[in-house]
Amino acid sequence: TYTWLQHTDVDVPHLDDHAFSYMRGAFLTIDRPYPPLVDWLHHRIGTTHVAHHIDCTIPQYHAREATEAIKRAFPHCYLYEPTPIHRALWRVACNCVATRPIGNGRYAFIPM
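Take the position in the sequence shown, starting the count at 1, then add 34; the result is the number in our numbering.
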């Protein structure tokens with residue numbers, strides 16, 4: 035569930051081999067607002083997941099400042115989805131079941 039929510043949402047496309055690149059894939063991951071205890075127990079990997087994909091060598095104790103730098107440097111690419119986790123999980127489970135091609139090597143989820 036945790037990994038699923040870091041990589042899936044209704045408006046985040048999937049890419050084929052020709053459209054995919056390391057950085058495009060990194061910026062198609064999602065930071066979410068996990069509850070403080072869950073965030074602490076998981077070393078903030080859910081709230082700083084985009085930074086982890088951009089550079090997996092960033093230590094967890096610098097992940098927040100790296101995330102803030104990414105937000106400032108790439109405001110149109112950085113993905114943060116503020117929906118509470120229980121609602122996001124339900125939305126993703128109900129709406130991210132199958133994809134269809136939308137062109138240029140991109141696939142979108144088919145609305146249910």
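Heads up, the beta-carbon is just placed ideally off N, CA and C, and yes, glycines get one too.
Worksheet item: Going straight from the alpha carbon of residue 82 to that of residue 70, what length do you get?
Response: 13 angstroms
Practice prompt. Count the other C-beta atoms from every protein chain shown that fall within 10 angstroms of the C-beta of residue 75, then say buried if there are 16 or more, exposed otherwise.
Written response: exposed
Worksheet item: Taking the runs of the beta strand (DSSP E) that are 3 residues or longer, which of them lie wholly in the region 36-77?
Response: none
Discussion item. Within the continuous alpha helix (DSSP H) that includes residue 100, where are the two ends?
Written reply: 97-107
Discussion item. On the DSSP bridge list, what partners appear for residue 80?
Written reply: BP columns for residue 80 are empty, so no partner.
Worksheet item: Starting from residue 136 and walking both ways along the beta strand (DSSP E), at which residues does that stretch end?
Response: 133-137
Worksheet item: How is the beta strand (DSSP E) around residue 141 delimited, first residue to last?
Response: 140-143
Worksheet item: Would you say the region 94-102 touches the region 50-57, given that touching needs at least three Cβ pairs under 8 angstroms?
Response: no
Worksheet entry | For residue 114, the residue or residues it bridges with in DSSP | 65
Item to complete: Can you have a look at residue 80 and say buried or exposed, based on whether 16 or more other CB atoms are within 10 angstroms of its CB?
Response: buried
Worksheet entry | CA-to-CA distance, residue 105 to residue 44, given in whole angstroms | 21 angstroms
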